[in-house]
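Once you know that position 334 of the sequence shown is 334 in UniProt numbering, the rest is easy, because the numbers rise by one and skip nothing.
Ideal Cβ positions, reconstructed from N, Cα and C, are used throughout, including at glycine.
Bear in mind that the values here come from a model prediction, so they are computed numbers and not experimental data.
Okay, structure first, notes after.
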Amino acid sequence: MEHCEQHPTEEIRYFCVPCDTPICESCRTNDHSGHDSKSLQDVLPVVKRELEKNGSRVHACKDKVESALRRAKEERGALLEKRKSVEELLAAREKKLLELFREECKLAREEILESLTAVTKEMQVPVLKDEARIQEKLQAAVSLQEEVKQALDSDDVQKILKLRDDTKGGTGDQDKLHQLTSDLSIHRERPVLHCEDLVLQKDAIRSFLGHVAKVKPVMMSPGVKMKRLFTCSDDDIMCDVHAVCPLEDGRVWVAYGDAEGAGKVALFTAEGEVVRAEPIKGRVSVVRVNDDWMRVEGIDFKPRFMTAKESTETTYSSQQRQYAVYSKLAIRYEVFLQKPGTCDLRSVKVLHREPIGTAYTRLNTISLTHPIAMDVSKDGKLFAILHEGEDHVLIYHQGYTQPVCGYTGDDPNFKPRDVCFCGLGGKERLVVADWQGDSLHVLDVSRTGCTFLGHLGGGCPLLVKPTALCPDTNGWLWIGCSGGHILTIEEITSSYL
């Protein structure tokens, strides 16, 4: 038995019910007089059962904390992975650029160091003056200290009185201590070296040496788990991903190219190994026809079919179109351009056929400028289309020739690059890849308009400049990014979905 804190000689034998506290006999008859009390031996099993129930909640709480810790460690790991990818990118840039600009780099470095030396020398002038002035004050203080010591060891009354008056402190100009401690300020400016961002020109080597800038804050999505699968950049191509199309067996078709128009359409394994590849020219659309064949179409070449088998088989379509964009995963719907009309408008047909090989059904005809990305909802009633050079997404409803709404993002720097309808939170949502904001915008779309739900993947170090989107048959969202990185979103628990 434990003893009462207020009455150390008495054991705690009772439990006050209204006060919910153990008490002794003296407490029971005094402070808790009239309260309902029970024997502690009778109450203790009940309290233990309550604690046992609370233990399950403690366990659940512990699991939540452990889960948060795992996410924090994963975030740290992702950050280190991002650092590694940046280091790899810098190494690739250096390898490519130093061959062209080795001498310019040397001259730029010498010029910067010379400028830095000159600026440092100039900035040191007032500091050196302050240092010399303060050094003189220190010497005077040391001398005064020595005079005081000598006076204390002597019997020179006049000298002692004078030093006493000189060192008693004050604010007058004749006071020595005031003279020593006044004007100890140091005025100094720090030189700053600034290098602008990389521009692929001969005179850009100076900016390649470094760049210091604040990072724009982004919306965080802690309920999203991302994974980088592989990078599809070639040694000779610093690329953007134009299109991603995953297959059911885990392989994925990727169309990627550089700013000059050179690129490839390649079939990769989930580990990033190339099964087959073919060079292309310009931005293209890639869409799965069936488990074996892909249709590839762009501006600068005829439509072609490429097999997913381990061969180089390619067939060309006899059908000629100037340009076409497709819905994701399969040719259930397609939008293609007819001959240009007046004012650079084109008549765009939205067609549907399912299964493959059956006749097309026309769903809509819309006048559009050059579309570069689109997707159609599963029921075929909503079309999301992105135009070349435009910073907004237009959303059409079946049977309407005018958009029901347009989405311009929540940031003036919003730069959409791709759109796709994807199942999120048990409902089909529209996902928009924001290249400038390093995030994915999730929209709830209907025939009356669209509602922004939140950012998907914002703040994730892996998600940098997304350019292509496509869901797979398992519900995972595949993402292509600048630099050729291929990501997947494996788990989504965000509350807004």
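Could you name the residues that DSSP lists as bridge partners for residue i?
| i | result |
| --- | --- |
| VAL254 | VAL244 and ALA266 |
| SER39 | TYR14 |
| PRO403 | Answer is none; PRO403 lacks a bridge partner. |
| LEU382 | HIS397 |
| LYS227 | THR488 |
| MET374 | ILE385 |
| ASP280 | The question names Asp, but residue 280 is Ile in the sequence shown. GLY263. |
| HIS455 | HIS441 |
| THR21 | CYS16 |
| CYS105 | Answer is none; CYS105 lacks a bridge partner. |
| VAL274 | PHE268 |
| HIS3 | GLU11 |
Quick one: what's got a C-beta closer than 6 Å to residue i's C-beta in the same chain, skipping five residues either side?
| i | result |
| --- | --- |
| GLY55 | none |
| CYS19 | none |
| ASP236 | Per-residue confidence for ASP236 stands at a pLDDT of 48, beneath the threshold of 50, marking its modelled position as unreliable; the derived number appears in the next sentence. Cβ neighbours of ASP236 beyond the five flanking positions: none. |
| LYS159 | ALA151 |
Among the residues of its own chain, which have a CB less than 8 Å from the CB of residue i, if the five just before and after it don't count?
| i | result |
| --- | --- |
| THR21 | PHE15 |
| LEU469 | VAL244, LYS328, ASP418, VAL419, CYS420, CYS422, VAL431, ALA433, LEU440, LEU477, TRP478, ILE479 and GLY480 |
| ILE12 | MET1, GLU2, HIS3, CYS4, PRO22, ILE23, CYS24 and LEU40 |
| ILE486 | ARG228, LEU229, PHE230, THR231, CYS232, VAL241, VAL244, VAL252, VAL254, PHE268, GLY272, TRP478, ILE479 and GLY480 |
| TRP435 | LYS415, PRO416, ARG417, LYS465, PRO466, THR467 and SER482 |
| SER26 | CYS4, GLN6, HIS7 and GLU10 |
Got a sec, what are the start and stop residues for the alpha helix (DSSP H) residue i sits in?
| i | result |
| --- | --- |
| LYS427 | It is not in any alpha helix (DSSP H) - LYS427 instead sits in the beta strand (DSSP E) that spans 427 to 434. |
| HIS178 | 176 to 181 |
| VAL157 | 157 to 166 |
| CYS27 | 25 to 29 |
Could you say which of the options lies nearest to residue i if we only look at CA atoms?
| i | options | result |
| --- | --- | --- |
| GLU5 | CYS24, GLU136 and CYS19 | CYS24 |
| residue 504 | MET306, THR269 and GLU271 | Nothing about residue 504 can be reported from this structure: the residues present for the chain run from 1 to 497 only. |
| ASN413 | GLN402, SER377, LYS121 and LYS465 | LYS465 |
| THR383 | LEU40, VAL254 and GLN398 | According to the sequence as given, residue 383 is Phe; it is not Thr. Nearest option by C-alpha distance: GLN398. |
| ASN30 | HIS7, GLU248, THR117 and PRO126 | HIS7 |
| LEU456 | ARG429, GLU146 and GLU88 | ARG429 |
| ASP444 | ILE385, LYS427 and GLY437 | LYS427 |
| SER377 | ILE395, GLU94, ALA277 and ASP391 | ILE395 |
For the beta strand (DSSP E) that residue i lies in, which residues bound it at each end?
| i | result |
| --- | --- |
| VAL442 | 439 to 446 |
| TRP476 | Run containing TRP476: none; DSSP gives neither H nor E here. |
| VAL419 | 416 to 424 |
| CYS232 | No beta strand (DSSP E) holds CYS232; DSSP gives it neither H nor E. |
| THR9 | Note, THR9: premise wrong, no beta strand (DSSP E); not H, not E. |
| LEU469 | 466 to 471 |
Taking residue i and residue j to be in contact with their CB atoms under 8 Å, please state how far apart those CB atoms are, rounded to whole angstroms.
| i | j | result |
| --- | --- | --- |
| LYS73 | PRO461 | Not really, about 14 Å apart at Cβ, beyond 8 Å. |
| ASP411 | PHE452 | Contact flag wrong, Cβ pair sits at about 11 Å. |
| THR167 | LEU180 | In fact, because the Cβ distance is near 10 Å, the residues do not count as touching under 8 Å. |
| SER37 | VAL58 | In fact, because the Cβ distance is near 29 Å, the residues do not count as touching under 8 Å. |
| ARG447 | VAL393 | Not confirmed; about 16 Å, so no contact. |
| LEU116 | CYS105 | About 16 Å; that fails the 8 Å criterion. |
| CYS450 | TYR407 | 6 Å |
Please return the same chain residues whose Cβ sits closer than 7 Å to the Cβ of residue i, not counting the five positions on each side in sequence.
| i | result |
| --- | --- |
| TYR256 | CYS232, CYS239, ASP240, VAL241, HIS242, GLY263, LYS264 and GLY484 |
| ALA78 | CYS460, PRO461 and LEU462 |
| ASP183 | none |
| VAL286 | ALA243, CYS245, TRP253, ALA255, VAL265, MET294 and VAL296 |
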